[in-house]
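Student: In my numbering, the protein residues as written are 185 to 438. My questions all concern the structure below.
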Amino acid sequence: MSSLRNALRATCGALIVSVVLAAPLRAEEILAAVAANFTDAATEIGTAFRKATGNTVTYSFGASGQLYTQITQDAPFHVFLSADQTRAEKAEADGFAVPGSRFTYAVGKLVLWSADPARIDGTGAALKDASLTHVAIADPATAPYGAAAVEVMRHLGVFEALEPKIVQGKSISQTHQFAATANADVGFVALSQIVADDKGSRWIVPQELYTPIRQDAVLLKKGEASEAARAYVEFLKSPEATAIIGKYGYAVGE
């Protein structure tokens, strides 16, 4: 009888071990603070990451300056994808990011865009049109694309004339909305926002007119112990992710 009990215990023990070994690892959810211009690309990358790893990414999109302020105020983000290098560098320098984790995941391209197909002729001439009433840009203090827009207008010598006509969006998403709804005649937006939109008219601003918008990512200290957060950072560098990034009009590997 005792030998039968011992045999049953051994069998049950083996079954328990088998079940534990066969069970999948628990998927993790990570939180990422992401520049608004990268919304569509990040969403597609998040889907690909989930399929590849089983882990989920929840995004918080906004202006890089606003997101960085949230990070300094103990927001629970694991990863930060900025629209510039400056704030990612600052996150490292101020102790909010894991040292050595910063890298450029995309280089953004600035576009002057209008919902009116006849407004822009493929050059910057529209900025000198006396009929312009409103020019939309993202807030230059918090959004790198807004700062680049100001740089372009100064370079072209039209900033002083246009300054009274400027309407500022809190982020590049709101800026695009101003132009898309014709609340602004034209708007400086990210190429990624209109790359798949064949409506309206546009001028892809030559790179020599503004400082390259190198967008850097960092692993934040709150994500240092998360295998999923580390995996997401590495996934951003993968051929699958870089192909998605390039599809949305960004330069990669520069």
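Using N, Cα and C, we set each Cβ at its ideal position, and we do this for glycine too. On a predicted model such as this, the values are computed, not experimentally measured, just so you know.
Assuming Arg271 contacts Gly249 under a Cβ cut-off of 8 Å, what Cβ separation, rounded to an integer in Å, is found between them?
Tutor: Here residue 271 is taken as the residue at index 87 of the sequence shown, counted from 1. Here residue 249 is taken as the residue at index 65 of the sequence shown, counted from 1. The pair is a contact, with the Cβ atoms about 7 Å apart (cut-off 8 Å).
Student: Nearest to Gly353 by alpha carbon, out of Ser385, Asp305 and Val319?
Tutor: One-based indexing of the sequence shown puts residue 353 at position 169. Closest by alpha carbon: Val319.
Student: Answer yes if the stretch 413-427 comes into contact with the stretch 341-358, meaning at least three C-beta pairs across the two stretches below 8 Å, and no otherwise.
Tutor: no
Student: For Tyr252, I'd like the list of residues in its chain whose CB is within less than 6 Å of its CB, leaving aside the five on either flank, ordered along the chain.
Tutor: The sequence position of residue 252 within the sequence shown is 68, counting from 1. Excluding residues within five positions, the ones whose Cβ falls inside 6 Å are Arg271.
Student: For Ile200 and Ala211, what's the separation of their Cα atoms in angstroms?
Tutor: As a working mapping, residue 200 is identified with position 16 in the sequence shown. As a working mapping, residue 211 is identified with position 27 in the sequence shown. Any answer about Ile200 is weak, because its pLDDT of 29 lies below 50 and its placement is not dependable; what the coordinates show is given next. Distance between the alpha carbons of Ile200 and Ala211 is about 21 Å.
Student: First and last residue of the alpha helix (DSSP H) that includes Thr426?
Tutor: Taking the first residue of the sequence shown as position 1, residue 426 is located at position 242. Thr426 -> alpha helix (DSSP H) spans Pro423 to Lys431.
Student: Should Arg286 go down as buried or exposed, given a rule of 16 or more other Cβ atoms within 10 Å for buried?
Tutor: Taking the first residue of the sequence shown as 1, we reach residue 286 at position 102. Under this definition Arg286 is a buried residue.
Student: Please list, in chain order, all residues of the same chain as Ile388 whose beta carbon is under 6 Å from its beta carbon, the five residues on each side excluded.
Tutor: On the sequence shown, position 204 is the one that residue 388 refers to. Contacts found: Val295.
Student: Look up Ala207 in the DSSP assignment and say whether it is helix, strand or coil.
Tutor: The residue you call residue 207 lines up with position 23 of the sequence shown. A caution first: Ala207 carries a pLDDT of 31, below 50, which makes its placement in the model unreliable, though a value can still be read off. Note: Ala207 maps to coil in three-state DSSP.
Student: Return the first residue and the last residue of the alpha helix (DSSP H) that Gln352 is part of.
Tutor: Within the sequence shown, numbered from 1, the residue matching residue 352 stands at position 168. Gln352 -> not in any alpha helix (DSSP H); beta strand (DSSP E) instead, spanning Ile350 to Gly353.
Student: Is the beta carbon of Leu340 sitting closer than 8 Å to the one on Leu311?
Tutor: Taking the first residue of the sequence shown as position 1, residue 340 is located at position 156. Taking the first residue of the sequence shown as position 1, residue 311 is located at position 127. Yes, the pair counts as a contact, with Cβ atoms nearer than the cut-off.
Student: On a CA-only basis, which of Ala363, Thr426, His360 and Val336 is nearest Gln391? Give me that one, please.
Tutor: The residue given as residue 391 occupies position 207 in the sequence shown. Per the Cα distances, Val336.
Student: Which residue wins for smallest C-alpha separation from Gly384, given the options Thr326, Thr365, Arg398 and Tyr289?
Tutor: As a first step, residue 384 must be located in the sequence shown, where it is residue number 200. Cα-wise, what sits closest to Gly384 is Thr365.
Student: What is the DSSP secondary structure of Ser298, counted as helix, strand or coil?
Tutor: As a working note, residue 298 is residue 114 in the sequence shown. Reduced to three states, the DSSP call for Ser298 is strand.
Student: Near Gly306, which residues of its chain fall below 8 Å by C-beta distance, leaving aside the five closest residues on each side in sequence?
Tutor: As a working mapping, residue 306 is identified with position 122 in the sequence shown. The beta carbon of Gly306 lies closer than 8 Å to those of Ser385, Arg386 and Trp387 in the same chain, with the five residues before and after it left out.
Student: Would DSSP call Thr242 helix, strand or coil?
Tutor: The count along the sequence shown starts at 1 and reaches residue 242 at position 58. Thr242 falls in the strand class under three-state DSSP.
Student: Let's see if you can read the secondary structure: which residues bound the alpha helix (DSSP H) around Tyr394?
Tutor: Taking the sequence shown and counting its residues from 1, the one referred to as residue 394 is at position 210. Here Tyr394 belongs to no alpha helix (DSSP H), and DSSP marks it neither H nor E.
Student: For Pro208, which residues in the same chain have their Cβ closer than 7 Å to its Cβ, ignoring the five residues on either side in sequence?
Tutor: Here residue 208 refers to the residue found at position 24 when the sequence shown is read from its first residue. For Pro208, the predicted model reports a pLDDT of 37, less than 50, meaning its position is unreliable and no value from the coordinates is stated.
Student: Rank Ser355, Pro301 and Val282 by C-alpha distance to the C-alpha of Val402 and give the top, closest one.
Tutor: The sequence position of residue 402 within the sequence shown is 218, counting from 1. Looking at the Cα atoms, Val282 is the closest of the given residues.
Student: Where are the beta strand (DSSP E) runs, 3 residues long or more, that stay fully inside the stretch 315-340, in chain order?
Tutor: 319-322
Student: What number of angstroms, rounded off, separates the C-alpha of Ala220 from the C-alpha of Ala314?
Tutor: As a working note, residue 220 is residue 36 in the sequence shown. As a working note, residue 314 is residue 130 in the sequence shown. Each residue's alpha carbon lies about 31 Å from the other.
Student: For Arg303, does the count of other Cβ atoms within 10 angstroms reach 16, so buried, or fall short, so exposed?
Tutor: On the sequence shown, position 119 is the one that residue 303 refers to. Per the 10 Å Cβ criterion, buried.
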